[in-house]
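Participant: There's a structure below that I have some questions on.
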Amino acid sequence: MREERSSSEIMSGDDDDDDDDHGNSMDLTVGDKTCVALPSDLPPPFSDQVLENVLENVLQFLTTRHDRNAASLVCRSWYHAEARTRRELFIGNCYAVDPARAVARFPGIRAVALKGKPRFADFGLLPQGWGGRFTPWAKAFCSSYSSVEKLHLKRMTVVDQDLFVISRYLPSFRELTLFCCDGFGTGGLAYVAENCRRLRVLDLIENDMEDDEDDDDVDWISKFPETKTCLESLVFDCVRCPVNFEALEALVARSPALLRLRVNQHVSLGQLQRLMVRAPQLTHLGTGSFRFAQAANEQVVDLNPAFVTASRSLVCLSGFRGLAPEHLPAILPACPNLTSLNFSYAEITTEQLRPIIVHCHNLQNFWVLDTVGDEGLQLVAATCKDLRELRVFPFYAREDSEGSVSDVGLQAISEGCPKLRSILYFCQRMTNAAVVSMSKNCPELVVFRLCIMDRHRPDHRTRDAMDDGFGAIVMNCKKLTRLAVSGLLTDKAFRYIGKYGKSVRTLSVAFAGDSDLGLRYVLEGCPKLQKLEIRDSPFGDLGLISGIQHYYNMRFLWMSACKLSLRGCQDVARTLPHLVVEVIRERPDEDVQNVERLYLYRSLAGPRTDAPPFVEIL
Numbered sequence: 001m002r003e004e005r006s007s008s009e010i011m012s013g014d015d016d017d018d019d020d021d022h023g024n025s026m027d028l029t030v031g032d033k034t035c036v037a038l039p040s041d042l043p044p045p046f047s048d049q050v051l052e053n054v055l056e057n058v059l060q061f062l063t064t065r066h067d068r069n070a071a072s073l074v075c076r077s078w079y080h081a082e083a084r085t086r087r088e089l090f091i092g093n094c095y096a097v098d099p100a101r102a103v104a105r106f107p108g109i110r111a112v113a114l115k116g117k118p119r120f121a122d123f124g125l126l127p128q129g130w131g132g133r134f135t136p137w138a139k140a141f142c143s144s145y146s147s148v149e150k151l152h153l154k155r156m157t158v159v160d161q162d163l164f165v166i167s168r169y170l171p172s173f174r175e176l177t178l179f180c181c182d183g184f185g186t187g188g189l190a191y192v193a194e195n196c197r198r199l200r201v202l203d204l205i206e207n208d209m210e211d212d213e214d215d216d217d218v219d220w221i222s223k224f225p226e227t228k229t230c231l232e233s234l235v236f237d238c239v240r241c242p243v244n245f246e247a248l249e250a251l252v253a254r255s256p257a258l259l260r261l262r263v264n265q266h267v268s269l270g271q272l273q274r275l276m277v278r279a280p281q282l283t284h285l286g287t288g289s290f291r292f293a294q295a296a297n298e299q300v301v302d303l304n305p306a307f308v309t310a311s312r313s314l315v316c317l318s319g320f321r322g323l324a325p326e327h328l329p330a331i332l333p334a335c336p337n338l339t340s341l342n343f344s345y346a347e348i349t350t351e352q353l354r355p356i357i358v359h360c361h362n363l364q365n366f367w368v369l370d371t372v373g374d375e376g377l378q379l380v381a382a383t384c385k386d387l388r389e390l391r392v393f394p395f396y397a398r399e400d401s402e403g404s405v406s407d408v409g410l411q412a413i414s415e416g417c418p419k420l421r422s423i424l425y426f427c428q429r430m431t432n433a434a435v436v437s438m439s440k441n442c443p444e445l446v447v448f449r450l451c452i453m454d455r456h457r458p459d460h461r462t463r464d465a466m467d468d469g470f471g472a473i474v475m476n477c478k479k480l481t482r483l484a485v486s487g488l489l490t491d492k493a494f495r496y497i498g499k500y501g502k503s504v505r506t507l508s509v510a511f512a513g514d515s516d517l518g519l520r521y522v523l524e525g526c527p528k529l530q531k532l533e534i535r536d537s538p539f540g541d542l543g544l545i546s547g548i549q550h551y552y553n554m555r556f557l558w559m560s561a562c563k564l565s566l567r568g569c570q571d572v573a574r575t576l577p578h579l580v581v582e583v584i585r586e587r588p589d590e591d592v593q594n595v596e597r598l599y600l601y602r603s604l605a606g607p608r609t610d611a612p613p614f615v616e617i618l
């Protein structure tokens with residue numbers, strides 16, 4: 001069953017964003033068969049077909065991937081029954097399995113989530129043209145998965161022809177989410193809008209869209225059916241070109257089920273007000289540009305009545321690109337009911353935030369730029385007692401080398417928000433004391449990502465390494481599954497992670513560590529580790545080889561700007577022939593003996609066939 005076990009884990013493993021272990025897993029053991037004589041008055045045993053039907057009916061009640069994976073490993077009959085009854089498929093690496101094999105194993109799939117490039121592609125660490133093409137998958141789905149209704153693609157290269165194929169040959173298709181994808185343009189969106197007559201969700205999030213030839217953008221909004229639509233969610237804030245606003249307004253008006261709408265920065269405040277009047281039922285609103293257009297014919301309107309009406313249903317606000325602070329008070333009527341507020345595109349200050357945040361008592365998710373300062377985070381801590389997720393992003397345009405948030409803001413959040421489960425915090429000044437405080441005050445943390453910018457920054461008060469702070473996080477936060485470490489860290493910190501991080505599944509390391517011993521602590525001490533991302537750290541061949549016994553249980557390992565040699569990588573490839581070991585060189589003149597980037601992942605399909613010249617598969 002080794003291959004079946006690998007297949008189950010690869011094609012339905014845990015997602016990056018699925019940090020909760022929903023449902024209870026169950027250990028099932030199949031013992032030796034025992035022959036028992038049946039009394040003559042008992043009816044004959046059930047046929048195999050009856051037992052299979054009963055089993056399939058029971059398995060339909062298993063809804064989590066964790067439980068289904070466990071069921072598929074009981075025995076061969078359970079393996080096949082689970083495959084026939086599975087309706088949702090998650091594949092965390094598009095190169096981990098051949099598309100034909102995936103569709104052959106799970107014939108009844110209706111929803112697919114598929115990931116392509118590794119996460120560090122978001123930071124420019126993966127050369128253009130590396131791969132992650134959706135085309136082979138689109139062809140496989142359309143030939144065998146006519147019942148597919150939902151597609152969620154992340155970090156994939158999706159061309160317009162792919163969107164044409166799925167919109168034309170999947171008659172039941174209803175939901176498309178593209179997250180951090182590239183390769184497509186407005187022409188592809190027009191195919192989806194025109195051909196998917198039952199479309200309920202079209203979410204385009206942080207994609208790098210292609211510019212159409214000769215700047216002749218397609219009016220894709222006008223391609224939606226002119227009759228009443230089924231749209232429930234329309235997100236297009238990453239689309240760089242203007243849209244036909246009259247067509248958008250008409251589309252919103254004839255979409256009574258529309259609950260989520262996020263528009264791009266070409267939609268002005270005056271136009272936003274018109275959309276809100278057309279859709280007072282919205283629960284999630286992305287505002288686009290939060291300023292009035294410069295056109296002479298656009299009059300300044302009073303936004304307050306629109307937000308008063310929207311406050312009855314609105315729970316999530318985002319956008320605010322090009323924020324004009326004088327218009328910000330217009331959202332005040334909606335603030336008391338908000339559970340999610342995203343200011344990550346708005347250069348908002350403490351004084352601008354103050355009149356808003358004091359009304360957000362029900363806020364659970366808050367994203368903001370570090371321009372808000374420590375004082376702004378203190379306001380959040382004093383008001384938002386139910387906060388579950390906080391993300392503080394850096395404002396790169398500012399030349400203030402020390403940033404605006406520090407250990408003071410983190411300390412305040414830890415003391416004021418005890419229900420916090422997830423935090424992403426960019427700063428340049430941090431102390432062990434603040435991190436230790438968070439570990440004690442927020443024991444329910446599942447995600448802790450502290451990004452101390454600039455290399456090897458110590459505790460800015462004591463000048464000590466940040467070992468004790470991160471050690472406290474893994475010791476006190478027993479539910480922690482995702483951890484990102486940075487700053488001045490020694491092997492001591494990694495010893496803590498290996499000893500106490502028993503639930504950690506994703507670990508990201510930047511500019512940290514002393515020697516290969518630190519990497520060995522992690523690989524040998526974290527039994528649930530699935531994804532390990534390392535950049536600019538002193539780990540080399542000895543650290544890489546120390547994980548030989550563990551790589552088959554991981555989804556991938558990424559290492560860049562470390563101290564790896566080609567020989568060390570070749571040793572791993574020879575020892576583990578069922579792993580794919582990719583050496584990535586951006587320039588032909590790079591030293592062939594030193595490995596700048598290593599991407600190691602498990603695969604049932606073997607080495608891929610579409611590797612570009614700068615990728616060497618060992």
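Quick note on numbering: the sequence shown equals residues 1 to 618 in UniProt numbering.
For each residue, glycine too, the CB sits at the ideal point set by N, CA and C.
Since this is a predicted model, take the numbers as computed values, not measurements.
Let me know the secondary structure DSSP gives residue 442 once reduced to three states.
Facilitator: Correct three-state label for residue 442: coil.
Participant: How many Å lie between residue 513 and residue 242 at the Cα?
Facilitator: Residue 513 and residue 242: Cα-Cα distance of roughly 47 Å.
Participant: Using C-beta distances below 6 Å, list every residue in its chain close to residue 28, excluding the 5 sequence neighbours before and after it, in chain order.
Facilitator: Because residue 28 sits at a pLDDT of 24, beneath the cut-off of 50, its placement in the model cannot be relied upon, and the following sentence gives the value as read from the coordinates. 74, listed in sequence order.
Participant: Which one of 121, 310, 379, 436 has the shortest CA to CA distance from residue 407?
Facilitator: Selected option, being the one with the closest Cα: 436.
Participant: Let me know if residue 537 comes out buried or exposed under the rule of 16 or more other beta-carbons within 10 Å of its beta-carbon.
Facilitator: The residue in question, residue 537, is buried, as its Cβ has 16 or more Cβ neighbours within 10 Å.
Participant: Since residue 182 sits in a beta bridge, which residues does DSSP pair it with?
Facilitator: In DSSP, residue 182 forms a bridge with 157, 208.
Participant: For residue 131, which residues in the same chain have their Cβ closer than 6 Å to its Cβ, ignoring the five residues on either side in sequence?
Facilitator: The residues are 610.
Participant: In the DSSP assignment, find the unbroken beta strand (DSSP E) run with residue 558 in it and report its ends.
Facilitator: Element bounds for residue 558: 556-565.
Participant: Please work out which residues of its chain come closer than 6 Å, Cβ to Cβ, to residue 151, disregarding the five sequence neighbours upstream and downstream, and give them in chain order.
Facilitator: So the qualifying residues of the chain are 112, 176.
Participant: Quick one: Cα of residue 441 to Cα of residue 414, how far?
Facilitator: Using only the alpha carbons, I get a separation of about 6 Å.
Participant: Is DSSP giving residue 389 helix, strand or coil here?
Facilitator: The answer is strand: DSSP assigns residue 389 an E or B state.
Participant: In angstroms with no decimal places, state the Cα-to-Cα distance between residue 276 and residue 354.
Facilitator: Their backbone Cα atoms lie some 25 Å apart in a straight line.
Participant: Please go through the stretch 498-569 and give each complete alpha helix (DSSP H) segment of 4 or more residues, from N-terminal end onward.
Facilitator: If we require 4 residues or more, the alpha helix (DSSP H) runs fully inside the stretch 498-569 come out as 516-525, 541-545.
Participant: Consult DSSP for residue 328 and reduce its assignment to one of helix, strand or coil.
Facilitator: Reduced to three states, the DSSP call for residue 328 is helix.
Participant: From the DSSP output, read off the bridge partner residues of residue 177.
Facilitator: Beta-bridge pairing links residue 177 to 152, 203.
Participant: Using the beta-carbon count (16 or more within 10 Å), is residue 368 buried or exposed?
Facilitator: Buried, since its Cβ has 16 or more Cβ neighbours within 10 Å.
Participant: Quick one: any contact between the stretch 411-430 and the stretch 450-463, if contact means 3 or more CB pairs under 8 Å?
Facilitator: Enough Cβ pairs lie closer than 8 Å, so yes.
Participant: With 16 other CB atoms within 10 Å as the buried threshold, where does residue 345 fall?
Facilitator: Buried, by the Cβ-count rule.
Participant: Going by the CB atoms, is the gap between residue 421 and residue 445 shorter than 9 Å?
Facilitator: Yes, Cβ-Cβ distance for residue 445 and residue 421 is below 9 Å.
Participant: Per DSSP, residue 450 is paired with what?
Facilitator: Answer is 425, bridged to residue 450.
Participant: Going along the chain, which residues of its own chain have a beta-carbon closer than 6 Å to the beta-carbon of residue 55, five neighbours each way excluded?
Facilitator: Excluding positions up to five away in sequence, the list reads 81.
Participant: Would the stretch 515-523 count as touching the stretch 476-487 if we require 3 or more Cβ pairs under 8 Å?
Facilitator: No: the two stretches stay apart, fewer than three of their Cβ pairs being nearer than 8 Å.
Participant: Rounded to whole angstroms, what's the CA-CA distance from residue 313 to residue 480? Just pull it up for me.
Facilitator: Between residue 313 and residue 480, the C-alpha separation is close to 33 Å.
Participant: Looking at the secondary structure, which residues open and close the beta strand (DSSP E) in which residue 484 lies?
Facilitator: Start and end: 482-485.
Participant: Quick one: what does DSSP say residue 367 is sitting in, helix, strand or coil?
Facilitator: Looking at residue 367 - three-state DSSP - the assignment turns out to be strand.
Participant: Please list, in chain order, all residues of the same chain as residue 158 whose beta carbon is under 7 Å from its beta carbon, the five residues on each side excluded.
Facilitator: Around residue 158: 134, 178, 181, 183, 184.
Participant: Do the CB positions of residue 488 and residue 468 come within less than 9 Å of each other?
Facilitator: Not closer than 9 Å, so no.
Participant: Provide the residue span of the alpha helix (DSSP H) that contains residue 142, from first to last.
Facilitator: Taken as a continuous stretch (DSSP letters only), the alpha helix (DSSP H) holding residue 142 covers 135-144.
Participant: Is the CB-CB distance between residue 596 and residue 586 below 9 Å?
Facilitator: Contact flag set, yes.
Participant: Name the residue from 506, 525, 199 whose alpha carbon lies nearest to the alpha carbon of residue 531.
Facilitator: It is 506.
Participant: For residue 113, write down the residues that DSSP places opposite it in a beta bridge.
Facilitator: 90, 152, per the DSSP bridge assignment.
Participant: Can you tell me which of the three DSSP states residue 264 falls into?
Facilitator: In this structure, residue 264 counts as coil in the three-state DSSP scheme.
Participant: Among 363, 388, 347, whose alpha-carbon lies nearest the alpha-carbon of residue 396?
Facilitator: Considering only alpha carbons, the answer is 347.
Participant: Between which two residues does the beta strand (DSSP E) harbouring residue 615 extend?
Facilitator: Residues 615-617.
Participant: For the candidate residues 285, 492, 99, 198, whose alpha-carbon lies nearest to that of residue 225?
Facilitator: Ranking the options by Cα distance to residue 225, first place goes to 198.
Participant: For residue 89, collect the residues of the same chain with a Cβ closer than 6 Å to its Cβ; drop the 5 residues on either side in sequence, then sort them by chain order.
Facilitator: 106, 109, 112, listed in sequence order.
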